[in-house]
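Residue numbers (the working numbering), protein chains in the order written: chain A, 291 to 659; chain B, 19 to 325; chain C, 3 to 494.
Below: one structure, written as structure tokens.
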Amino acid sequence: MQTVARLLRMLLEPILAISLSLIAVTLLLAVSGYSVTAALSALWHGAFGSWSVIASGTLVRATPLLFAGLAVAVAFRAGILNIGAEGQLLAGAAAATAVSVTISPAFGIAGTCLALLAGIAAGGMWAGIAAVLRQQFGVLEVISTIMLNVIMLHLTGLLVRGPLQESTATFPQSALIDEALRLPRIFPGTRLHAGVVLGFLSAAILAWFLRSTAGGFRLRMTGANPRAAASAGGIDVARVATSAFIVSGAIAGLGGAVEVTGVTYALYENLSPGYGYTAIAVALLARLNPVAAIGSAVVFGALEAGAAAMQRDAQVPAGMVSVAEACVILVLLATEWIGARAGGWSTLFRGGTPPTKNPGDLPATGDLA
Amino acid sequence: MSTVADFLDASVRSATPLLLAALGETVSERSGVINVGLEGTIIVGCLAGLATATIVGPTAALAAAAVAGLIFAIIFAIIAIWIGADQIIAGTAITMLGLGLTGTLYRVLYGDAGAALSSPTLAPIGIPMLQDVPLVGRALFRQPLPTYLAVALVPSVWWWLNRTHSGLAMRATGENPAAARSSGISPRRVQTIASLFGGLCGGLAGGTLVLAQVGTFAEGMSAGRGFIAIAIVALGRWSPLGAAMAALFFGMASALQFLFQALDLKLPYQIFLAFPYLLTLVALAFAKGRYRAPAALGARVHAGDIS
Amino acid sequence: MVIPSGTNGAVTSTAPCLALNSISRHFGTVTALDGACLTALTGEVHAILGENGAGKSTLMKIAYGLDQPSAGTIEFHGTRTVLRSPRDAMAHGIGMVQQHFALVDALTVVENVALGSIDQFDLGATAATVRRLSSESGLGLDPDARVGTLAVGARQRLEIIKALSRNAKILILDEPTAVLSPSEAKDLLDWTRRFADAGGTVLLIAHKLREILRIADRVTVLRRGKTVLVSRASDVTEQALADAMLGATGSIQAPRTKASPVSPGQATLSLVNVAARDDFGVARIKNATLEVKSGEIVGIAAIEGAGQRELLRVLAGRLAPTHGTVTLPATVGFVPEDRHRDAIVLDATLTENTALRGAAKQRGLMPWKTLERDTAALLRTRDVRASNEHVAIRTLSGGNQQKFVVGRELADAPAALVVENPTRGLDIRATADVHAALRAARDAGTAVVVYSSDLDEVLLLADRVLVVAGGTVRDVGSDRETVGLAMLDASR
């Protein structure tokens, strides 16, 4: 019983956030003069109408969101505000494409794995730049990851017009990845690919890592209170934070590699419609819990898939989804305030900013001394 | 020769909305608030500018754009300053909201096709004699109203930050909110004012983009300018004059692609687009002393604050 | 207005300028103030005494509008007022110098003075004001210096001049002498006397009874959030003040611990010619040599900022020295003074906080089952009041949190234990429990190092006292007078 009650309490805020966002979107639809029923019905059918829609639409769109969401969650848990998942995902996609179009198709599934590994490495390296800037030079990761996102976007543009451009040199995109090197489809008649399984697996591994391993424990403690982690635990917090940052980037990079080898089969500039930013909503809705991130990625995947159907069938602009996503975040932030209880998930961010120059300026709340 | 003049003119034009947004963000960041929602604020300004320009004319539309930015800044301030949520997350939501809302409303207002709708634009105002100076005449002395406004704002913002009580209060809050509070200042009020100014400037930047540059609206037309403005603030080392120089630098980088086209050069312009960001990273890494970010930038000052 | 002729103890004015009536303040379940009263008269130096955690600072924050009372009223010259913020307090001519200075390092002296002022913004004029006040009061200060570069004494002078520049008539000083050298402290106290004689009022939070009786006109003593004594300074003795502060059972002549039942054994911790810097790169310890043996409690006596903070961290293996030889055992327990920041993770469970010690060396999987058992045992043996080991440590009272931390650090029977202000903010019962735990550890053969900002606590616990001053460590015996002089003398 107690577990059920706890589960319900845990789900309360996310459900509230989703409901309020849907209400906001409905209102916006009504005010804009759309048929609310037609729009919502199109949204539903586009997201959950049939197994093939669920598999080819919702789940396929949920996959990059899940990877990016996990990346954000693991960074936030370590007290790092990595908003660079977008760039790290692109880096992974670019590296995986480079490997896939270079190696012989004879490699088969081993070649696919090689491409995924390249994606992991590239994502980790791209995040590593921000990690080093943070640790060695005290550069706020918020600013550096924004810069790195834009740099990677331009770099991708350069790659698809230069070294990686398809052979006719007409379109700004890479050559198609050979069929033998693509991620296998796992359900006949749908676009659902093995990357979904990799995503679920990554979530499970990450959850296990955070809960059960010493490294995961160090990561959580570093994020929750870096000073105590260093002083009482003897933890090398700089190293833990740097590693977590790189792991975060690696997960996002894997997401990018999965996207090119499983869905687009080619690299192009607008590969990501802002997965890295939506990922923040995914991670928050999941309260930074990797397993819950599966659920929240599916919710947002459904929204995106449904939005496409909504635009096609009810002529409702797809931008509505961004509004819904923004509302989810804003409502979650607001409920944190309304809930206003000590010890919520929000406190995970306390250690988020680099050490201030005036330690002790901001007294701990409720400290009497 | 006219190619160079064109290049300089294009640089200044590209730099104008960037400078406007960056000046607002400079004030905001000096008070300790980083607004990643600037991107959303700018595009809301774009749409507001377009929607009102046909009715009230481009000059008044500029004001409407500023008001739209202000409204978005109010939402941001409520969440990030009054509720005390994390600034970065709130800002990300504001950017999503701005991009989504404008995309939706544009189609609602101007039809599903989103046909290119042109708006009246602000004509360049030439300053007699000076505009005829070779090379730089057009770039500096024959520009639309917002450019002169942005240039005038540079010393004004400097004055505000360095020669007024409220500016001092902002700088103190951005460095040490607890000390500011002890001195009788309300960090919450100071940060609210600073971020509202940031929103106003962001909206103005969006309006400028539509009314003085592009003359139409397209979904996502802010194209990362909010993030560029944040880079400019950092590269400009949190000073208005620095922001002006950094904005011009970023403006030149994006004007290079036009220069290349004009000269029929097949150079990869993406390198030049990415270069200012790289430089910003390097500048941040080696910033020392008072050229660093305000000490309390992005800190959750108000979390758990009851008063 | 009557300007009091005001020699010490001869107050002529009886006009109350500020009255705090029956003030209560609760923080969650903790009661910081419980109907405390304070009446300040025009032209007096009024000392406020009390143990750590008695509520002095909270009461003064309320008087300065930094905190709002849960119940009670504030009267200013007989009129009821509400002080919503420091700005309200300043408007009534109330100024405060907090224990932790409220200065912005990145700004200059003048900018800090101008901050929050209601005068016309004119840095030139403010600089002139600073120079004038500086020469009038004898509190020297360079108006153009960046505050980050100022030494602690100068920062304090700046805080006072900042208050004066706003025409403060009532000045609250929270432990102003704690960070000063003896000559600086004397200058400051003499200045408060002059300020009061000129018609001002000084509310002085302090610890040093002798100092207070020399300078103050009247004293108010707080204990556990209540006002327990109000008296003219001339009518009261040090012993009476101490009794009031500590309660009927307390006394500054508290019996020394019985000599250790075990004789000290092997040298466990040793430093030879050690130098260390603080977080800001300032050399705090210049040349320290000391030895701590197993089975003894070594007390560290020092005034605030003398370098004991760095010394303790070197001893605990938490800070690498810049010079010298450090010999430490494999395990050293450490109980830092700010437990919320340095010792525990508030939102983590008790089990996770247990696991924190040793987290760096843990490999592979976390042994959660074992850790849960250990935690349950720790709660039992250390008498930590918590419903179970799965609750967040945030939900425990300060005393229970501290007992938990001490218990955790002693759980693996470390060869040495370093503790810093172990009972700050704790009630008498929790204090006694912590003291007992430290003695038990000593008796079990642990080398224990204790620092407390309360000299009497050091003398109470220590088998041997070392004084940290002027960047070095000295042994001057354990006579209170001698130790006190040694703490102050070398700090010039």
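Idealized CB from N, CA, C, for every residue including glycine.
| Check | Outcome |
| --- | --- |
| Selection of the segment 288 to 317 of chain B by Cβ proximity to chain A, strictly under 7 Å | Q288, I289, L291, A292, Y295, L296, T298, L299, L302, A303, A311, A313, A314, L315, G316 and A317 |
| Every unbroken alpha helix (DSSP H) inside the segment 542 to 585 of chain A [4 residues or more] | 565 to 575 |
| Backbone secondary structure at V589 of chain A - three-state DSSP | helix |
| Interface residues of chain D facing M239 of chain B [CB-CB closer than 8 Å] | You won't find chain D in this structure, because its protein chains are A, B and C. |
| Pairwise C-alpha distance: R351 of chain A and T458 of chain A | 30 Å |
| C-alpha distance - S325 of chain A paired with Q605 of chain A, whole-angstrom precision | 10 Å |
| At least three beta-carbon pairs within less than 8 Å, the segment 199 to 213 of chain B to the segment 144 to 153 of chain B | no |
| Helix, strand or coil at Y453 of chain C [DSSP, three-state] | strand |
| Residues within the segment 197 to 209 of chain B neighbouring chain C, beta-carbon criterion of under 9 Å | A197, A198, R199, S200, S201, G202, I203 and S204 |
| Own chain residues within Cβ distance below 7 Å of G489 of chain A, not counting five before or after | T353, L356 and F357 |
| F338 of chain A to T327 of chain A span [Cα, whole Å] | 16 Å |
| Those residues which DSSP pairs with H325 of chain C across a bridge | C:A277 |
| Environment of L317 of chain A [buried if 16+ CB atoms lie within 10 Å] | exposed |
| Extent of the continuous beta strand (DSSP E) run through S296 of chain C | First-last for S296 of chain C: undefined, no H or E at that position. |
| Residue from B:R207, B:A23 and B:L36 with nearest C-alpha to A230 of chain B | B:L36 |
| Proximity below 8 Å, CB of A303 of chain C to CB of V469 of chain C | yes |
| Cβ-Cβ distance between L80 of chain B and G225 of chain B below 8 Å | yes |
| For N23 of chain C, the first and last residue of its enclosing beta strand (DSSP E) | P18 to F29 |
| Interface residues of chain A facing V347 of chain C [CB-CB closer than 8 Å] | M511, A514, N515, A518 and A519 |
| Between the CA atoms of A313 of chain B and V47 of chain C - distance to the nearest angstrom | 38 Å |
| Chain-ordered neighbours of R508 of chain A on chain C, where CB pairs are closer than 7 Å | A361 |
| Cut-off 7 Å between Cβ atoms - residues of its own chain near Q209 of chain B, not counting five sequence neighbours on either side | S49, G50, V51, I99 and T191 |
| Cβ pair count under 8 Å reaching 3, the segment 200 to 210 of chain C against the segment 223 to 231 of chain C | no |
| When C:L271, C:T270, C:T383 and C:Q310 are compared against A285 of chain C, the one with the closest alpha-carbon | C:Q310 |
| is_contact[S331 of chain A, chain B] using C-beta, thresh 8 Å | no |
| Length of the line joining the Cα atoms of G473 of chain C and S389 of chain C | 45 Å |
| Of the residues B:I61, B:L186 and B:R189, the one placed nearest I112 of chain B, counting alpha carbons only | B:I61 |
| Beta-ladder partner(s) of A49 of chain C, from DSSP | C:L206 and C:V221 |
| Beta-carbon proximity of A522 of chain A to Q378 of chain A, cut-off 8 Å | no |
| Exposure of T251 of chain C, with buried meaning 16 or more beta-carbon neighbours within 10 Å | Interpretation of T251 of chain C is limited by its pLDDT of 47, a score under 50 that renders its predicted location unreliable; the figure taken from the coordinates is listed afterwards. It counts as exposed. |
| Coil, strand or helix - P649 of chain A by DSSP | With a pLDDT of 29 at P649 of chain A, under the threshold of 50, the modelled position of that residue is not reliable, and the figure given next carries that caveat. Coil at P649 of chain A, not helix or strand. |
| Nearest to V475 of chain C (by Cα), restricted to the options C:K63, C:L273 and C:A394 | C:L273 |
| Within-8 Å CB hit, T293 of chain A to chain C | no |
| Limits of the unbroken beta strand (DSSP E) element including V421 of chain C | A418 to E422 |
| Which of helix, strand or coil DSSP assigns to M98 of chain C | strand |
| is_contact[G524 of chain A, chain C] using C-beta, thresh 8 Å | yes |
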